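For reference, the structure is listed below as structure tokens.
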Amino acid sequence: MAFSGVHRDRGELRIHESVEELSTNLADYIADLSEASVKERGVFAIALSGGSLIGLMGKLCEAPYNKTVDWAKWYIFWADERVVAKNHSDSNYKLAKEGLLSKVPIVPSHVHSINDSLSAEEAADEYEFDIRQLVKTRMVCVSDISDCPKFDLILLGMGSDGHVASLFPNHSVLDVKNQWVSFITDSPKPPPERITFTLPVINSASIVVVVVTGESKAEAVHLAIDDLGPNCPSLPARMAQPTNGKLVWFLDKPAASKLQSVQFCE
Ligand code: 6PG
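Residue 39 is where the sequence shown starts when you use this note's numbering, and the numbers rise one by one after that.
Have a look at this one:
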């Protein structure tokens, strides 16, 4: 690894020499978390995002993880989803199904995806209702300080504009406090209609991992992590700050190239 350390207030930084190294370490990290969570509470509630993240998780489908991970204990959710049919090429469900879920023995009834026959607003409401049922039975934990669900792990990618999940810069969805799942119909990144976990839910997780690769994201990584004083732009990725949980950044060297907070080990 090129660098591994803890930033004063922006979590743990894991900077990798290559995308290959990052995906190996990411698979290892997720497998360890799964093991710890299954040992502690019998299940592992994990929320995925779309984009390059699923490809970067690909090593989980290979040896040894395909055999060693207790897949039957996984409960799968999405931190955000595009409101399109499940077989549409834009669907985050389809991406995860083809890239991960179909390759390992996950229990189909543990996969909690949105109802794709509804409007964005209805799909968000129904998804929140689904999660509420799982919180009641403690398949998903509840936060110690709010009524929010406490996912064991929320995995996020980040756009070059600093968005995470479907929380885009300067969008009113960033202000939603009283819902777990919200919706937007004007996403700057297509497709326009999406549902998304709100910031209170992301920030109630036990662990939030943000996975970012490539030089095109370097400026956003800098703005999301470095100490920039009072004039710091309010980037959604910077607002991801679990209250009682842990924040971990999985970066490759190009994505980390504008970070002021680190010096690479040579
Ligand atoms: C989506 C996402 C989104 C994604 C980032 C990063 O559905 O669009 O969940 O938040 O994770 O845009 O995507 P890339 O890693 O592909 O750049």
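For glycine and all other residues, C-beta sits at the position ideal for the given N, C-alpha and C.
Note that the structure is predicted; figures quoted are calculated from it, not measured.
Contact belief for S244 with F206 at Cβ below 8 Å, rounded distance in angstroms: With a Cβ gap of about 25 Å, S244 and F206 do not count as contacting.
Going by Cα to Cα distance, which pick from R232, I144 and G195 is closest to E119? R232
Between the segment 44 to 51 and the segment 146 to 156, are three or more C-beta pairs nearer than 8 Å? no
Are three or more beta carbon pairs between the segment 204 to 218 and the segment 289 to 296 nearer than 8 Å? no
Which first and last residues belong to the beta strand (DSSP E) in which I233 is found? R232 to F235
Nearest CA to the CA of K77: which residue from G43, W112 and N63? W112
Beta bridge counterpart(s) of H45 as assigned by DSSP: Note: H45 is bridge-paired with G49 in the DSSP secondary-structure output.
Quick one: give me the first and last residue of the alpha helix (DSSP H) that A123 is part of. No alpha helix (DSSP H) contains A123, which DSSP labels as neither H nor E.
From S90, V248 and L71, pick the residue whose C-alpha is nearest to that of V81; which is it? Looking at the Cα atoms, L71 is the closest of the given residues.
Would you call K255 buried or exposed, if buried means 16 or more other Cβ atoms sit within 10 Å of its Cβ? Burial of K255 is indicated by the presence of at least 16 other C-beta atoms within 10 angstroms of its C-beta.
Does the beta carbon of K132 fall short of 8 Å from some heavy atom of the ligand 6PG? K132 Cβ: outside cutoff for every heavy atom of the ligand 6PG.
DSSP three-state call for L172: helix, strand or coil? L172: helix per DSSP, three-state reduction.
Near the ligand 6PG: R120 beta-carbon under 8 Å from a heavy atom: Within the chosen limit of 8 Å, the ligand 6PG reaches the beta carbon of R120 through at least one heavy atom.
I'd like the span of the beta strand (DSSP E) that includes L91, first residue to last. That residue, L91, is in no beta strand (DSSP E); its alpha helix (DSSP H) goes L91 to L94.
Check whether the segment 165 to 177 touches the segment 52 to 68, counting contact only when three or more Cβ pairs, one atom from each stretch, lie closer than 8 Å. no
So the candidates are M277, D168 and I68; which of them puts its Cα closest to the Cα of G200? M277
Inter-stretch contact (C-beta, 8 Å, three-pair minimum) for the segment 85 to 101 and the segment 124 to 141: Touching, per the Cβ criterion.
Does the beta-carbon of R48, which I'm using as the reference point, lie nearer than 8 Å to any heavy atom of the ligand 6PG? no
Mapping DSSP to helix, strand and coil, what is I240? helix
Less than 6 Å between C-beta atoms, sequence neighbours within five positions excluded: which residues of the same chain meet that for Q298? D264
Express the C-alpha separation of L64 and S56 in angstroms, rounding to a whole number. 12 Å
Cutoff 8 Å; reference E304; Cβ partners in own chain excluding five residues on either side: In this predicted model, E304 has a pLDDT of only 46, less than 50, meaning its place in the structure is not dependable enough to derive any value.
Closer than 8 Å: is that where the CB of R276 sits relative to any heavy atom of the ligand 6PG? no
Within the present structure, is the beta-carbon of H260 separated from the nearest heavy atom of the ligand 6PG by less than 8 Å? no
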